[in-house]
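*Asks:* Heads up: take any position in the first sequence, counting from 1, add 145, and you land on my numbering.
Ideal placement from N, C-alpha and C gives every residue a C-beta, glycine not left out.
A quick note: this is a predicted structure, and the numbers were derived from the prediction, not measured.
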Amino acid sequence: MRMTQLFVQTLRDDPADAEVPSHKLLVRAGYVRRVAPGIYTWLPLGLRVLNKIETIVREEMDAIGGQEMRFPALLPKEPYEATDRWEEYGPNLFRVKDRRGADMLLGPTHEEMFTLAVKDLYSSYKDLPARLYQIQTKYRDEARPRAGILRGREFIMKDSYSFDIDDAGLDAAYQAHREAYVRIFDRLGFEYVIVKADSGAMGGSASEEFLAVSPTGEDTFVRSAGGYAANVEAVTTPVPEAINFATFDAAVVVDTPGTPTIESLVEVLNASHARDDRPWEAKDTLKNVLVMLVHPDGRREPLAIGVPGDREVDEKRLETQVAPAEVDAFTEADFAANPVLVKGYIGPEVLGESRASGIRYLLDPRVVSGTVWATGANVQGKHVLNLTAGRDFEADGLIEAAEVRAGDPAPDGSGPLELARGIEMGHIFQLGRKYADRLGLQVLNENGSLTTVTMGSYGVGVSRAVGVIVESSHDDAGIVWPRSVSPFDVHLVVAGKAPEMFEAAERIVADLESAGLSVLFDDRPKVSPGVKFKDAELIGVPTIVVVGKNISDGIVEVKDRKSGDRRDVALSDATAEILGEVRG
RNA sequence: CGGGAUGUAGCGCAGUUUGGUAGCGCACCCGCUUUGGGAGCGGGGGGUCGGGGGUUCGAAUCCCUCCAUCCCGACCA
């Protein structure tokens with residue numbers, strides 16, 4: 146491809162609406178253009194990268210026996226009504242009406258369609274297992290699209306689905322996908338972690354996410370030096386040993402006027418009820434937080450959560466735990482309706498389904514039997530000290546809703562946790578029989594009776610990968626593509642106007658192309674070398690060949706985009722040298 | 001949905017406070033010069049100043065209103 150022919154226009158300035166590096170660079174270098182919020186056009190350069198990523202994904206999916214097919218993006222609503230997702234997906238679902246007023250949707254993901262397709266064609270256990278996939282444009286009407294192609298409303302995803310007669314088959318399909326994903330992401334060339342994910346309300350069992358490690362990521366995950374990794378929503382807290390409280394002091398109520406917050410409480414306790422051993426700290430207090438759960442049927446249920454006072458309730462972790470219910474704030478009106486709750490002084494003695502409030506009370510796992518707390522006495526301006534779990538109060542159960550902090554111990558004992566950010570690039574999980582049940586996907590088993598098929602669902606963000614790779618591989622001058630996805634193998638720059646330069650360049654291009662390489666040839670005759678070098682660095686092809694002033698000595702230059710290393714090569718050896726470089 | 005900001009040429013921006021002929025840089029076109037790090041000089045094309053309404057002799061500028069976009073948060077396989 147010649148630069149004089151390529152449909153591209155590089156920009157000197159960052160676009161004003163771009164924030165993250167990948168967005169700025171992909172627009173500046175002429176890979177994509179924004180059409181509407183969260184909706185992008187793939188220009189020729191961008192499409193070449195996208196196609197390369199698709200090819201890698203296809204190869205690895207085919208290698209585990211996946212069969213590619215393609216469903217429409219425009220779908221009828223009925224299958225999604227059958228699984229309740231027409232409602233559950235909420236405003237994120239792109240809904241459209243046809244001319245007769247029939248409801249339709251732009252597919253956000255295709256579990257229903259794949260399930261129905263298998264139901265349509267198969268009816269015997271002998272037909273299984275099946276592994277089917279598609280690479281398709283998906284639509285989600287995100288409330289706030291951002292970061293360019295990293296989070297669009299239209300995006301390309303590879304989604305595959307496994308269909309098995311039994312759990313062993315599902316496990317095998319899950320493992321096969323896991324290994325395929327490792328190969329895919331290794332080939333795409335960015336750093337990633339595999340984290341335990343929460344399968345949430347989907348009802349599945351095993352679930353893991355592949356997160357690209359990136360400070361611009363929207364997902365927080367934890368990892369330990371010993372190899373534990375999990376999405377922050379899925380982190381579990383190691384439960385401490387119970388403590389024998391036989392000799393502990395009895396609980397005592399003390400006056401703590403004007404202490405509705407943990408901070409003010411600690412201050413007053415240190416001033417007027419000092420401990421013998423050390424000052425009071427927030428972690429000595431038990432904070433009881435009230436929220437309102439909204440169940441899918443609209444029922445509202447108050448819930449009390451007890452956490453150590455030095456920790457906040459993490460709303461995402463809480464929502465994950467209570468799904469499919471949603472979490473709403475506990476309002477002044479709710480307090481008014483529960484007069485036994487004294488705001489700012491709520492204590493465990495009124496919490497619990499069998500206590501005065503009748504409100505379900507769940508505790509952080511750290512609050513084991515024998516731990517001693519300073520906490521609300523359910524009277525304005527009073528707290529209770531030495532309140533001992535297991536002796537003075539019980540809860541209705543445990544909940545993992547407290548925030549996770551760097552330094553917390555990993556649940557498997559592999560060391561302290563570190564928090565980091567990631568971009569979700571792949572998600573594999575065992576769906577089980579939820580969709581097959583709802584849509585009636587059953588086959589006859591060996592005994593001639595109907596058995597519900599068990600399914601897995603596995604996704605890869607294909608268009609997102611373009612952005613992720615740029616996030617992980619760029620410098621001040623531009624993009625640095627890994628060879629596996631670079632739009633071209635070689636970027637050849639003619640730095641000058643002498644006819645012999647162009648003649649030499651033409652020969653190198655012809656030789657490389659006949660050897661099977663793709664070459665971006667900057668043949669612009671009136672553009673200065675500086676501009677061509679800047680463009681080459683911006684566009685990011687990993688090998689840059691410069692034919693310039695040294696051509697009179699029969700020398701061309703081969704530059705490595707990533708390291709910046711350059712070396713002179715004899716024109717006669719150029720093709721062989723470049724081939725060696727590109728093919729590694 | 002809440003908070004903040006911004007809408008002026010393809011892109012990046014000034015001009016708005018204090019109303020008076022629509023500007024700069026990049027990009028684009030023509031000519032000459034230039035060719036190893038985003039060239040120089042000269043000439044040129046391109047704008048319903050986000051939309052609508054109002055005030056005024058006169059509005060990019062003041063007022064009202066609507067819309068759009070971006071950022072933070074909420075939300076999000």
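Does V117 come out as helix, strand or coil in the three-state DSSP assignment?
*Replies:* No answer is possible for residue 117: it lies beyond the span of the chain, which begins at 146 and ends at 729.
*Asks:* Run through DSSP, which three-state label would T155 get?
*Replies:* coil
*Asks:* Please state if the CB of S305 and the CB of L815 are separated by a distance shorter than 8 Å.
*Replies:* The question about residue 815 has no answer, for the chain in this structure spans 146 to 729.
*Asks:* Which residue marks the beginning of the beta strand (DSSP E) containing I450, and which one marks its end?
*Replies:* 445-453
*Asks:* How long is the line joining the alpha carbons of E569 and A342, rounded to whole angstroms?
*Replies:* 11 Å
*Asks:* Identify the continuous beta strand (DSSP E) that holds D248 and give its terminal residues.
*Replies:* 248-251
*Asks:* Within the chosen definition, does the segment 484-491 reach the segment 523-536 through at least 3 CB pairs nearer than 8 Å?
*Replies:* yes
*Asks:* Return yes when the Cβ of K264 is within less than 8 Å of the Cβ of L595, no when it is not.
*Replies:* no
*Asks:* Going by C-alpha to C-alpha distance, which of K242, T516, P236, T254 sits closest to D580?
*Replies:* First, the amino acid is wrong: residue 580 is Tyr here, not Asp. It is T254 whose Cα lies nearest to the Cα of Y580.
*Asks:* Give, in chain order, every unbroken run of the beta strand (DSSP E) that is at least 3 residues long and sits entirely within the segment 147-218.
*Replies:* 177-181, 184-187
*Asks:* Using DSSP bridges, identify the partner residues of S514.
*Replies:* Per DSSP, none; premise fails for S514.
*Asks:* Counting C-beta neighbours from all protein chains within 10 Å, is the total for M302 16 or more, i.e. buried, or is it exposed?
*Replies:* buried
*Asks:* Please name the residue, chosen from V399, L238, A449, G560, that lies closest to G542 on a Cα-to-Cα basis.
*Replies:* Nearest to G542 by C-alpha distance, out of V399, L238, A449, G560, is A449.
*Asks:* Alpha carbons only, please: which of T392, A468, R500 is nearest the one belonging to N483?
*Replies:* The alpha carbon of N483 has as its nearest neighbour, out of T392, A468, R500, the alpha carbon of R500.
*Asks:* Is it right to say F152 is buried, meaning 16 or more other beta carbons lie within 10 angstroms of its own, or is it exposed?
*Replies:* exposed
*Asks:* Between P385 and the ligand PLP, is there a pair consisting of the residue's CB and a ligand heavy atom that are separated by less than 7 Å?
*Replies:* As presented, the structure is devoid of all ligands, the ligand PLP included, so that no description of it is given.
*Asks:* When the Cβ atoms of the segment 593-611 are set against those of the segment 643-659, are three or more pairs found closer than 8 Å?
*Replies:* no
*Asks:* Counting only the same chain and skipping the five closest in sequence on each side, list residues whose C-beta sits under 7 Å from that of L188.
*Replies:* F152, V153, G175, Y176, V177, R178
*Asks:* Pull up the DSSP beta-bridge partners for Q575, would you.
*Replies:* G601
*Asks:* In this structure, does DSSP put R296 in helix, strand or coil?
*Replies:* strand
*Asks:* Determine the direct distance from the alpha carbon of E460 to that of S167, and round the result to whole angstroms.
*Replies:* 30 Å
*Asks:* Using only the alpha-carbon positions, how far apart do R536 and P405 sit?
*Replies:* Cα to Cα, R536 sits roughly 25 Å from P405.
*Asks:* Excluding five sequence neighbours on each side, which residues of the same chain lie with their C-beta closer than 6 Å to the C-beta of D429?
*Replies:* A519
*Asks:* Assuming V607 contacts I280 under a Cβ cut-off of 8 Å, what Cβ separation, rounded to an integer in Å, is found between them?
*Replies:* 6 Å
*Asks:* Run through the segment 306-370 for me and flag every whole beta strand (DSSP E) of 3 or more residues, listed as ranges in chain order.
*Replies:* 337-341, 352-358, 364-369
*Asks:* In its own chain, which residues sit with a C-beta less than 7 Å from the C-beta of Q150, not counting the 5 before and 5 after it?
*Replies:* none
*Asks:* For a test of the three-state rule: what should DSSP assign to T596, helix, strand or coil?
*Replies:* In this structure, T596 counts as strand in the three-state DSSP scheme.
*Asks:* Taking the alpha-carbon of P402 as reference, which of A391, S417, I388 has the nearest alpha-carbon?
*Replies:* S417
*Asks:* Could you tell me which of S697, G246, L637, L333 sits nearest to P674, measuring between CA atoms?
*Replies:* Comparing alpha carbon positions, the residue from S697, G246, L637, L333 closest to P674 is L637.
*Asks:* Buried or exposed: where does D422 fall if 16 or more other Cβ atoms within 10 Å of its Cβ makes it buried?
*Replies:* Exposed, by the Cβ-count rule.
*Asks:* Which residues bound the alpha helix (DSSP H) around R609?
*Replies:* 607-617
*Asks:* Residues bridged to P221 by DSSP?
*Replies:* DSSP lists M249 as partners of P221.
*Asks:* Within 10 Å of its beta-carbon, does M148 have 16 or more other beta-carbons around it, so buried, or fewer, so exposed?
*Replies:* buried
*Asks:* If you compare alpha carbons, which of A247, S717, V611, G371 is closest to A292?
*Replies:* V611
*Asks:* Take A346 and list the residues in its own chain whose beta-carbon comes closer than 7 Å to its own, dropping the five residues that flank it on each side.
*Replies:* The pLDDT assigned to A346 is 42, lower than 50, so where the model puts this residue is not dependable, and the model offers no usable value.
*Asks:* Kindly indicate which three-state DSSP category L486 falls into: helix, strand or coil?
*Replies:* coil
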